[in-house]
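So the structure is just underneath, and the comments pick up after that.
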Amino acid sequence: MVKWVTTTDHKTIGSLYLVTSFVFFLFGGVLALVMRAELARPGLQIVSTEQFNQAFTMHGTVMLLMFATPLFAGFTNWIMPLQIGAPDVAFPRLNMLAYWLYLLGSLIAVSSFLTPNGAADFGWFAYSPLTDAVHSPGIGGDLWIMGLALSGFGTIMGSVNFVTTIVCMRAPGLTMFRMPIFVWNVLLTSVLVLLAFPVLAGALLALEADRKFGAHVFDAANGGALLWQHLFWFFGHPEVYIIALPFFGIVTEIIPVFSRKPIFGYMGLVGATISIAGLSVTVWAHHMFVTGGVLLPFFSFMSFLIAVPTGVKFFNWIGTMWKGSISFETPMLWSAGFLVTFLFGGLTGVLLASPPLDFHVSDSYFVVAHFHYVVFGTVVFAMFAGFHFWWPKWTGKMLDERLGKMTFWMLFVGFHTTFLVQHWLGAEGMPRRYADYLAADGFTGLNMVSTIGSFLLGLSMLPFLYNIWKTAKYGRKVEVDDPWGYGRSLEWATSCPPPRHNFVTLPVIRSESPAFDLNHPEVSLADRQENLGLPA
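Heads up: the sequence shown begins at -1 in the numbering used here, then just goes up one per residue.
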């Protein structure tokens, strides 16, 4: 136990991030089930409107800032140093501090449920003036603000560490344009964190000054409500890509392995990732179309434009699979589910980028459905893909394929049953964030379908948790460095699990696929000769 608390090993810290974020994922899921159970039928059956608002606020907060963002840090801590051939991260103690700040801040925010007035109930977006001391007088709001600020400082520290590690600690021969796509995505995600999270931290501290010291920063009388929206969404939209880009990277690592082909268009993928990161800080006000206070043509155009590099990524993923020898082991199955689900979310996002359409469905369940298709479809599907892909590298044991596929199909069917019908609810006019609706509204049938799907989605966690227990107790041990047989990056050139400093020896790095070059020298030589125009 002392080893886990005091560790500076990036692999152990990565495990702490992964376990902690997954626990918060389960907690956020319980809050979601409470809301879906309440909305199954008209009338208040389970919770009061105040309790519903608290559950709604903390569900969004937990899923975005206590699950998805630190999950990125967990995968990065475990995989990135291995993929660049580094013995550890650049700042091991800072890495440890970042984790403990995240955990402490998250526990402070969640502990607000134990206060007399309950948790924060002003929405995870904390719009002013709902957040002022008059409308939200309880201490729950203060705990939410300070917990998020503290956790955000930890995220900033972790990103400084990741950028420094990637820039300064790559193995000899691993140039920037030989780095795995996952590492590129981590680098750009970390830069986005350094741009966006200080804005959120400053806005949160100003909000607390309003609540406790009468600072009047976000007073409605001097435009404070819109000022908060600008600051929050300047953080909020890059945050969508902060939690998307690393999981794009995970899928990009998996698809070539199970297609038995190198990634199609490596440079195009790098360029698309850079473009997405750059454009993500120019589109924040598409969340504010209905305020009447933003330049609609500019933000609409930029929102359409960011779909282009995202489409390039899809083109590359499909190009990698095209004419490949595809096998649908569990990691590839989750990656295929990611592609289908994220594509739905991307298409509805293009619709919402158009102000005339957005005016009609803004603040409706159409936006809820879009957001979950994008975020859940990216983060959760890619998370399970990454778990199944790298589990043998982390633990030296293979997860059970049958249970993995059972988890996938339960979650896939449950997710689409829950959220597909919410597009229709939104188109029919059901507002989001409401605790109740009337039978006369005609929303009951679709809400019941959505609630049934949500409980199937929740039940899908049971076979996964059983899979972890079964694998730990009876799982097949991995005897080779690369149990999948076609791994391309450096983590597949060391043992399962890796030693304390990751590598006993490093292979010679001549391309972006050093482990594949090491394990399949005949194929790699033929490829290089073909690329150079030499006879095989």
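Using N, Cα and C, we set each Cβ at its ideal position, and we do this for glycine too.
Where does the unbroken alpha helix (DSSP H) through residue i begin, and where does it stop?
{"i": "Leu37", "result": "His8 to Leu37"}
{"i": "Pro135", "result": "First-last for Pro135: undefined, no H or E at that position."}
{"i": "Met330", "result": "Thr328 to Leu350"}
{"i": "Phe73", "result": "Thr67 to Gln81"}
{"i": "Leu277", "result": "Tyr264 to Leu277"}
{"i": "Thr415", "result": "Glu399 to Ala425"}
{"i": "Trp282", "result": "Taken as a continuous stretch (DSSP letters only), Trp282 belongs to no alpha helix (DSSP H), as it is neither H nor E."}
{"i": "Tyr239", "result": "Gly222 to Ile240"}
{"i": "Ile316", "result": "Ala305 to Met319"}
{"i": "Gln52", "result": "Thr47 to Thr59"}
{"i": "Asp356", "result": "Pro353 to Val359"}
{"i": "Trp482", "result": "Per DSSP, Trp482 belongs to no alpha helix (DSSP H) and is neither H nor E."}
{"i": "Met94", "result": "Pro90 to Val108"}
{"i": "Tyr472", "result": "Met459 to Tyr472"}
{"i": "Glu206", "result": "Ile179 to Phe211"}
{"i": "Ser257", "result": "Leu243 to Ser257"}
In chain order, what residues of the same chain have a beta carbon less than 6 Å from the beta carbon of residue i, not counting five sequence neighbours either side?
{"i": "Val268", "result": "Trp182"}
{"i": "Leu532", "result": "In this predicted model, Leu532 has a pLDDT of only 45, less than 50, meaning its place in the structure is not dependable enough to derive any value."}
{"i": "Ala117", "result": "Gln52, Met56, Ser110, Phe111 and Gly138"}
{"i": "Thr5", "result": "none"}
{"i": "Ala380", "result": "Phe245, Ile248, Val249 and Phe336"}
{"i": "Phe342", "result": "Tyr371"}
{"i": "Thr47", "result": "Ala433"}
{"i": "Met330", "result": "Phe256"}
{"i": "Glu206", "result": "Ile143"}
With a CB to CB cut of under 8 Å and the five nearest residues on each side skipped, what residues in its chain are close to residue i?
{"i": "Leu193", "result": "Pro236 and Val279"}
{"i": "Ala201", "result": "Trp226, Leu229, Phe230 and Phe233"}
{"i": "Leu530", "result": "Note that Leu530 scores 39 on pLDDT, short of 50, meaning its location in the model is unreliable and no value can be drawn from it."}
{"i": "Gly291", "result": "Leu224"}
{"i": "Arg39", "result": "Thr442, Asn445 and Met446"}
{"i": "Leu128", "result": "Phe120, Gly121 and Ser134"}
{"i": "Met265", "result": "Phe175"}
Whole angstroms are fine: how far does the CA of residue j sit from the CA of residue i?
{"i": "Phe413", "j": "Phe382", "result": "14 Å"}
{"i": "Leu535", "j": "Tyr435", "result": "Within the shown structure, residues of the chain are numbered from -1 to 534, placing residue 535 beyond reach of any answer."}
{"i": "Leu294", "j": "Ser13", "result": "44 Å"}
{"i": "Phe566", "j": "Val506", "result": "Since the displayed the chain opens at -1 and closes at 534, residue 566 lies outside it and no answer follows."}
{"i": "Leu454", "j": "Val521", "result": "45 Å"}
{"i": "His370", "j": "Ala334", "result": "17 Å"}
{"i": "Met(-1)", "j": "Ser362", "result": "47 Å"}
{"i": "Phe501", "j": "Ile11", "result": "18 Å"}
{"i": "Arg498", "j": "Asp86", "result": "9 Å"}
{"i": "Gly171", "j": "Phe299", "result": "41 Å"}
{"i": "Thr393", "j": "Val366", "result": "37 Å"}
{"i": "Ala219", "j": "Phe70", "result": "39 Å"}
{"i": "Met140", "j": "Gly121", "result": "Sequence inspection shows Asp at residue 140; the Met mentioned does not correspond to that position. One C-alpha to the other measures close to 14 Å."}
{"i": "Val165", "j": "Ala96", "result": "19 Å"}
{"i": "Val32", "j": "Val45", "result": "8 Å"}
{"i": "Gly384", "j": "Gly473", "result": "18 Å"}
{"i": "Gly317", "j": "Met174", "result": "23 Å"}
{"i": "Leu102", "j": "Pro196", "result": "18 Å"}
{"i": "Phe313", "j": "Val238", "result": "21 Å"}
{"i": "Gly485", "j": "Leu355", "result": "44 Å"}
Measure how close the beta-carbons of residue i and residue j come, nearest whole angstrom, since I'm counting them as under 8 Å.
{"i": "Ala425", "j": "Val359", "result": "7 Å"}
{"i": "His8", "j": "Asn93", "result": "6 Å"}
{"i": "Ala199", "j": "Gly152", "result": "The Cβ separation is near 11 Å, so there is no contact."}
{"i": "Gly402", "j": "Thr339", "result": "Between Thr339 and Gly402 the Cβ distance is about 17 Å, and since that is not below 8 Å, they are no contact."}
{"i": "Leu63", "j": "Leu148", "result": "At roughly 11 Å, the Cβ-Cβ gap does not stay under 8 Å, so Leu63 and Leu148 are not in contact."}
{"i": "Glu36", "j": "Phe54", "result": "Glu36 to Phe54, Cβ: 10 Å. No contact."}
{"i": "Gln420", "j": "Ser452", "result": "Not really, about 10 Å apart at Cβ, beyond 8 Å."}
Residue i and residue j: beta carbons closer than 8 Å?
{"i": "Pro178", "j": "Gln43", "result": "no"}
{"i": "Ala242", "j": "Thr376", "result": "yes"}
{"i": "Asp130", "j": "Arg209", "result": "yes"}
{"i": "Leu337", "j": "Trp315", "result": "yes"}
{"i": "Val373", "j": "Ala66", "result": "yes"}
{"i": "Val132", "j": "Val161", "result": "no"}
{"i": "Phe25", "j": "Val60", "result": "yes"}
{"i": "Phe441", "j": "Met428", "result": "yes"}
{"i": "Thr163", "j": "Gly136", "result": "no"}
{"i": "Thr405", "j": "Phe462", "result": "yes"}
Spatial neighbours of residue i within its chain, please: C-beta separation below 7 Å, excluding the five flanking residues on both sides.
{"i": "Gly322", "result": "Ser257, Arg258 and Lys259"}
{"i": "Asp479", "result": "Trp490, Ala491, Thr492, Ser493 and Cys494"}
{"i": "Asp398", "result": "Asn465, Lys468 and Thr469"}
{"i": "Leu186", "result": "Leu243, Thr271, Ile272 and Ala275"}
{"i": "Phe246", "result": "Asn183 and Lys311"}
{"i": "Pro519", "result": "none"}
{"i": "Gly83", "result": "Arg168, Ala169, Leu172, Leu488, Phe501 and Leu504"}
{"i": "Val476", "result": "Pro390, Gly394, Lys395, Met396 and Cys494"}
Using a Cβ cut-off of 8 Å (strictly closer), state whether residue i contacts chain B.
{"i": "Leu80", "result": "In the structure shown, chain B cannot be found, because there is only a single protein chain."}
Within 7 Å: the Cβ of residue i and any heavy atom of the ligand ADP?
{"i": "Trp2", "result": "Looking at this structure, you won't find the ligand ADP or any other ligand, since it has none at all."}
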